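A.B. asks: Using our numbering, the first residue of the sequence shown is number 1, and each one after it goes up by one.
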Amino acid sequence: MTETEFVVTERRLLETLSAVFAAASVAVDEKSSLVEDISELRDGFMNGAVQIFIKSPSFSKEGFVIKWLEAKSGLSRYIVDQFAGDGHLTMRMVPFPFSDQTIFRLSISYQSFFVRYDGSHAGPSNELKLFYKSLVRHASRETKNVEVWPRRFMRIQSGLQGDERSLLEAIKAPFRRST
Numbered sequence: 001m002t003e004t005e006f007v008v009t010e011r012r013l014l015e016t017l018s019a020v021f022a023a024a025s026v027a028v029d030e031k032s033s034l035v036e037d038i039s040e041l042r043d044g045f046m047n048g049a050v051q052i053f054i055k056s057p058s059f060s061k062e063g064f065v066i067k068w069l070e071a072k073s074g075l076s077r078y079i080v081d082q083f084a085g086d087g088h089l090t091m092r093m094v095p096f097p098f099s100d101q102t103i104f105r106l107s108i109s110y111q112s113f114f115v116r117y118d119g120s121h122a123g124p125s126n127e128l129k130l131f132y133k134s135l136v137r138h139a140s141r142e143t144k145n146v147e148v149w150p151r152r153f154m155r156i157q158s159g160l161q162g163d164e165r166s167l168l169e170a171i172k173a174p175f176r177r178s179t
């Protein structure tokens, strides 16, 4: 899997999502159809983690495979089959408080393989990789690569770096084990 992680403001997140919606189709778990507009996602990413799936005609000729998952627990729902088809990007958005605002951990990634309709495995296409790079480049504007954990870096948006120590503590907080 190839992944780039960011810490960004809501404004940068919305700019990145606008670039996605301008060039691609978007699907999300819990919904049986495509997401038509950013506003359909806003409540979700402001109040908890949201993961979206991205397909562009530049790298995919197939649509999303959305399945109904029948769960014994009674929590049945629609899910996007993460392996089916000829490729997609994934974007995860996780809000967290910092100073007097909500900022976001943003992750953009793609998998190392997909399963075509005929059952064969395919790696990500060069076109998918180019789309990924362009999206990462867009989100990377005015960011700094910061080592958050040993050998694990995140691109942190300028303006959030004033008190880097407090910011790093806020980023790490959800990963701490309670004692």
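For glycine and all other residues, C-beta sits at the position ideal for the given N, C-alpha and C. Since the structure is predicted, the reported quantities are computational estimates derived from the model, not experimental observations.
#1: Taking only the alpha-carbon atoms, compute the straight-line gap between Ile52 and Val26 and give it to the nearest angstrom.
#2: Could you have a look at Phe113 and say whether DSSP puts it in helix, strand or coil?
#3: What do you reckon, are the CB atoms on Val20 and Leu106 nearer than 9 Å?
#4: Measure the C-alpha to C-alpha separation of Val148 and Met154 and round it to an integer number of angstroms.
#5: Within the continuous beta strand (DSSP E) that includes Phe6, where are the two ends?
#6: Are the Cβ atoms of Leu89 and Arg77 separated by less than 9 Å?
#7: Leaving aside the five residues before and after Lys67 along the sequence, list all residues of the same chain whose C-beta is less than 6 Å from its C-beta, in chain order.
C.D. replies: With the given structure in hand:
#1: 7 Å
#2: coil
#3: no
#4: 7 Å
#5: Thr2 to Thr9
#6: no
#7: Ile79 and Asp81
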